[in-house]
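Asks: Residue numbers (the working numbering), protein chains in the order written: chain A, 3 to 228; chain B, 3 to 228.
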DNA sequence: ACAATACCGTCAATCAACTGACATATCCCG
DNA sequence: CGGGATATGTCAGTTGATTGACGGTATTGT
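(1) When the distance is taken between beta carbons, is residue 97 of chain A closer than 8 Å to residue 1 of chain B?
(2) Assuming residue 21 of chain B and residue 52 of chain B form a contact by the criterion Cβ under 8 Å, report the distance between their Cβ atoms to the nearest whole angstrom.
(3) Using DSSP with H/G/I as helix, E/B as strand and the rest coil, what is residue 149 of chain B?
(4) What does residue 18 of chain A reach in chain B if we use C-beta pairs closer than 9 Å?
(5) What's the gap between the Cα of residue 160 of chain A and the Cα of residue 46 of chain A?
(6) Compute the Euclidean distance between the alpha carbons of residue 42 of chain B and residue 68 of chain B, then round it to the nearest angstrom.
(7) Would you give the residue range spanned by the beta strand (DSSP E) that residue 33 of chain B belongs to?
(8) Taking Cβ positions only, does residue 198 of chain A come closer than 8 Å to chain B?
(9) Sort B:146, B:195, B:222, B:225 by Cα distance to residue 223 of chain A and report the nearest one.
(10) With distance defined between alpha-carbon atoms, name the residue in A:74, A:55, A:34, A:65 nearest to residue 99 of chain A.
(11) Please list the partners that residue 144 of chain B has in chain A, where partner means a Cβ-to-Cβ separation under 8 Å.
(12) Say whether chain B places a C-beta atom closer than 8 Å to the C-beta of residue 31 of chain A.
(13) Below 8 Å on the Cβ atoms is my contact criterion, and I expect residue 208 of chain B with residue 150 of chain B to pass it. Report the Cβ-Cβ distance as a whole number of Å.
(14) Looking at C-alpha atoms only, which residue of A:27, A:187, A:34 is the closest neighbour of residue 115 of chain A?
(15) Quick check: what's the CA-CA separation for residue 58 of chain B versus residue 35 of chain B?
(16) Helix, strand or coil for residue 220 of chain B per DSSP?
(17) Quick check on residue 226 of chain B: does DSSP put it in helix, strand or coil?
(18) Could you check whether residue 157 of chain A and residue 185 of chain A sit closer than 8 Å to each other, using their CB atoms as the reference points?
(19) List the whole-angstrom C-beta distance separating residue 139 of chain A from residue 216 of chain A, where the pair is believed to meet the contact cut-off of C-beta under 8 Å.
(20) Sorted by chain position, which residues of the same chain lie with C-beta nearer than 8 Å to residue 82 of chain A's C-beta, five sequence neighbours on each side aside?
(21) Under a three-way DSSP split, which group does residue 58 of chain B fall into?
(22) List, in chain order, every chain B residue whose beta-carbon is nearer than 8 Å to that of residue 251 of chain A.
(23) Starting from residue 19 of chain A, trace the alpha helix (DSSP H) both ways and give me its first and last residue.
(24) Would you kindly report the start and end of the unbroken alpha helix (DSSP H) that includes residue 46 of chain B?
(25) I'd like the list of long-range same chain contacts for residue 200 of chain A, defined as Cβ closer than 7 Å, with 5 residues on each side in sequence excluded.
(26) Looking only at its chain, what residues have a beta carbon closer than 7 Å to the beta carbon of residue 188 of chain A, apart from the 5 residues adjacent to it on each side?
(27) Per DSSP, what kind of secondary structure is residue 86 of chain A in: helix, strand or coil?
(28) Could you tell me how far apart the beta carbons of residue 74 of chain B and residue 124 of chain A are, in whole angstroms, since I believe they sit closer than 8 Å?
(29) Might you give, ordered along the chain, the residues of its own chain that have their beta carbon closer than 8 Å to the beta carbon of residue 95 of chain A, omitting 5 neighbours on each side?
(30) Pick from B:25, B:181, B:211, B:194: whose alpha carbon is nearest that of residue 153 of chain B?
(31) Leaving out five residues on either side along the sequence, give the residues of the same chain with a beta carbon under 8 Å from the beta carbon of residue 4 of chain B.
(32) What's the call for residue 220 of chain B, buried or exposed, on a 16-neighbour Cβ count within 10 Å?
(33) List, in chain order, every chain A residue whose beta-carbon is nearer than 9 Å to that of residue 124 of chain B.
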């Protein structure tokens, strides 16, 4: 699945260059010049990362950043800021607001791509093809394999996606609604109880080799791994 | 628990400045000028993040970085590179090697601290201020966990919401009416006496590990935490 | 001492999660 | 193309924890 990117940039020429560059890298790109609309789009289809110009119409980049961070669904989406001047004060303010990185104009698309890749490697290891590990549980997204304590575990497709979703967010409690949209897709009309069943199946699979139950049930909230 | 930092820097003056700055920020700091030794220290006590100078004696920073990444235990520890004047090629190469960020000299400690905080916010939300803390009581809303003096505390959903409500308003006296609307919702027709009961349960839970009672009863007014 | 207020132990109703069974849907192999 | 195996979603019954309410007792301030 191609990672989705949201680019918020109001200079049409730069926006086009960025869209073109990232699509060539294999990203699925959403784009808008408008801060308000960016928030709407992000809420609708949470992207895997956001490229955000500091100076845009309507809302300032910093304000968009702050509002994204306040939104629990979007709080963990990485944000890269594009800033004009490299004033240290601005950069620090950007980082403190919740941006994960910034790039000062002018920059080459190649550098921006490299920075994004570095951020993604951290936040979505699966998209970078890295195997993820939690205690003795490892998941290799490329080989589509899961091991517990070295022993191979067989999972169905949905169970695999569910586990991957958990491993990308270790320790976090995910509500059934979040899991439905994250694992089945936002346009899915799955019963929330079905999540219980898949969790049960996943549990049975990863605990079959022995060892403690790694999935924690949080009553009236959801589940978490780790 | 204070996050641990490993600083690998062979310029004694800069090293001292960094150690001093980060200790002032509340980090526990390990330091070495030597790449080989850095790998040993990291393997021994995995730090929460590494600050790594690009140009150091013995092993180059880039090689240290690569070897850290190969080590499964350390593969996910965030690394910030310190580079001299920012040649774009070098910066990209650093990022591709697995560094999570870089800072070009000269830089102010403040900027480096802000960048580290941004990286940590991502990798260790629990260490970056997302969790609320009052004395030895901590509540992590993302992981839905409560600890007292490091010991995990199990709470029911209502108790959790109640505690969260208190921790968001430390020291403030909250009336039973305020608590009912705040914790149970505006349209709840709960008896006010029930608040007493939940407070009692919450008390029993958070004091079970010993330590003083952190909830203060204010007669004819309500309760407060802290 | 007294009146008001808070605390406590108990209990029944409720709620949320777990479970096993079943009916489709999908995949895979020849 | 067909048939078996596998995977998936739904449902309904069960289980166990949580919660709100009482009534009696203890504490507190005046």
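Don't be surprised by glycine CBs; every beta carbon is placed ideally from N, CA and C.
Replies: With the given structure in hand:
(1) The displayed coordinates of chain B run from 3 to 228. Any statement about residue 1 of chain B would go beyond what the structure contains.
(2) Wrong, their Cβ atoms sit about 14 Å apart, outside the cutoff.
(3) Here residue 149 of chain B sits in strand by DSSP.
(4) Among the residues of chain B, none has a CB under 9 Å from the CB of residue 18 of chain A; the nearest is roughly 22 Å distant.
(5) Cα-Cα distance, rounded: 23 Å.
(6) Cα-Cα distance, rounded: 14 Å.
(7) 30-34 is the extent of the beta strand (DSSP E) around residue 33 of chain B.
(8) Interface criterion not met: the Cβ of residue 198 of chain A is under 8 Å from no Cβ in chain B.
(9) That would be B:146, whose Cα lies nearest to the Cα of residue 223 of chain A.
(10) Nearest C-alpha to residue 99 of chain A: A:65.
(11) Going along chain A in sequence order, the residues near residue 144 of chain B (Cβ under 8 Å) are 173, 174, 175.
(12) With 8 Å as the cut-off, residue 31 of chain A does not count as an interface residue toward chain B.
(13) About 6 Å separates the two Cβ atoms, so the contact holds.
(14) Distance from the Cα of residue 115 of chain A is smallest, within the candidate group A:27, A:187, A:34, for A:27.
(15) Using only the alpha carbons, I get a separation of about 7 Å.
(16) Of the three classes helix, strand and coil, the one that applies to residue 220 of chain B here is strand, per DSSP.
(17) Residue 226 of chain B: strand per DSSP, three-state reduction.
(18) Against a cut-off of 8 Å, the Cβ pair of residue 157 of chain A and residue 185 of chain A comes out as no contact.
(19) Confirmed, Cβ separation roughly 6 Å.
(20) These residues qualify, in order along the chain: 51, 52, 53, 54, 101, 102, 103, 104, 105, 114, 117, 118, 121.
(21) Looking at residue 58 of chain B - three-state DSSP - the assignment turns out to be coil, as it is neither helix nor strand.
(22) Any property of residue 251 of chain A remains undetermined from this structure, which presents chain A solely from 3 to 228.
(23) Residues 14-26.
(24) In this chain, the alpha helix (DSSP H) harbouring residue 46 of chain B covers 37-46.
(25) Cβ neighbours of residue 200 of chain A beyond the five flanking positions: 160, 161, 164.
(26) For residue 188 of chain A, same chain residues with a beta-carbon under 7 Å away, outside a window of 5 residues either side, are 47 in chain order.
(27) Reduced to three states, the DSSP call for residue 86 of chain A is coil.
(28) Actually they do not touch by this definition, with Cβ atoms about 16 Å apart.
(29) Hits under 8 Å: 64.
(30) Distance check between residue 153 of chain B and each of B:25, B:181, B:211, B:194 places B:211 closest, using alpha-carbon atoms only.
(31) Excluding residues within five positions, the ones whose Cβ falls inside 8 Å are 28, 29, 30.
(32) Result: exposed.
(33) Chain A residues near residue 124 of chain B: 78, 80, 102, 121, 124, 125.
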